[in-house]
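Chain order of the listed sequences is A and B.
Under the numbering used here, the first residue of the first sequence carries the number 1, and numbering increases by one thereafter.
Under the numbering used here, the first residue of the second sequence carries the number 1, and numbering increases by one thereafter.
Just so it is clear, CB atoms sit at the ideal spot from N, CA and C, and this is done for glycine as well.
Below is one structure, written out as structure tokens, with a few remarks after it.
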Amino acid sequence: SQKIEQNSEALNIQEGKTATLTCNYTNYSPAYLQWYRQDPGRGPVFLLLIRENEKEKRKERLKVTFDTTLKQSLFHITASQPADSATYLCALDGHTGNQFYFGTGTSLTVIP
Amino acid sequence: NAGVTQTPKFRILKIGQSMTLQCAQDMNHNYMYWYRQDPGMGLKLIYYSVGAGITDKGEVPNGYNVSRSTTEDFPLRLELAAPSQTSVYFCASSYSRDGAKNIQYFGAGTRLSVL
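Right, here's the structure in full:
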């Protein structure tokens, strides 16, 4: 079965630095991978999608990479701000594209 | 637009009771999903639907049932509540189309405690 691992430890970084979050997966080759943000007490919100044939995707201060050989995606937030503090989830599509498998999430705290 | 609306926001059930978690979306999305999220864990898919009248099991369907009689509504039924069903439940919807497949829009969640 699919196994998705994200940074198990919470990540604390100083404001202005770049945060890098990791998503590793095994036993699977997804067609695409998504990243979501979740604030306490709220549902996840979609951030970025990257396809298997794309190496990198950017949106404002966000950057996602996708290495299908390493079975890994990296999520970067540059010039981080306290407002970026949240839990970030990666999600992989299932074989039929109808199901999704989510990682456990990484809690990010940006310290002013 | 309201997006995905879940009711109730909170509920406490006694063991053996039944309840229905409601989910409605106004985005005309064809796909709808139910997830549960336990503390420190990721989202686990319970059931999903690719359109009205079509439902299928996800990773953790035991103890739950769903129906999809309309595009807008996707209720989740717990028949005999057990403490293991204490969790936060999220409903999501998406529109599957080429090039922009399955970006999911989530509701605010229902916090359920079974005591």
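One alpha carbon belongs to G40(B), the other to E52(A), and they sit about 28 Å apart. Between the segment 1-13 of chain B and the segment 98-112 of chain A there are fewer than three inter-stretch CB-CB distances shorter than 8 Å, so the stretches are not counted as touching.
Per DSSP, reduced to three states, the secondary structure at S85(A) is coil, with no helix or strand assignment.
Legend: CB atoms of the segment 44-64 of chain A lying less than 9 Å from CB atoms of chain B belong to residues P44, V45, F46 and L49. Annotation for Q6(A): the continuous beta strand (DSSP E) segment containing it runs K3 to Q6.
For the options T22(A), I13(A) and Q14(A), the alpha carbon positioned closest to that of Q6(A) is the one of T22(A). Scanning C23(B), S93(B), S94(B) and L76(B) for the CA closest to the CA of N62(B) turns up L76(B). L43(B) counts as buried, since at least 16 other C-beta atoms from the protein chains shown sit within 10 angstroms of its C-beta. A direct Cα-Cα distance of roughly 7 Å separates A2(B) from D26(B). By the criterion of a C-beta distance shorter than 7 Å, G16(A) is surrounded in its chain by A79 and S80, once the five residues flanking it on both sides are discounted. Distance from T55(B) to R68(B) at the Cβ level is roughly 6 Å; contact confirmed, criterion being Cβ atoms closer than 8 Å. Assigned with DSSP and collapsed to three states, Q85(B) falls in helix. Check the Cα spacing between L47(A) and each of P112(A), H76(A) and V110(A): the tightest is with H76(A).
Per DSSP, H29(B) is not a residue of any beta strand (DSSP E), being assigned neither H nor E. When rounded, the separation of the alpha-carbon atoms in S8(A) and A24(B) is 34 Å. Per DSSP, L47(A) has no beta-bridge partner at all.
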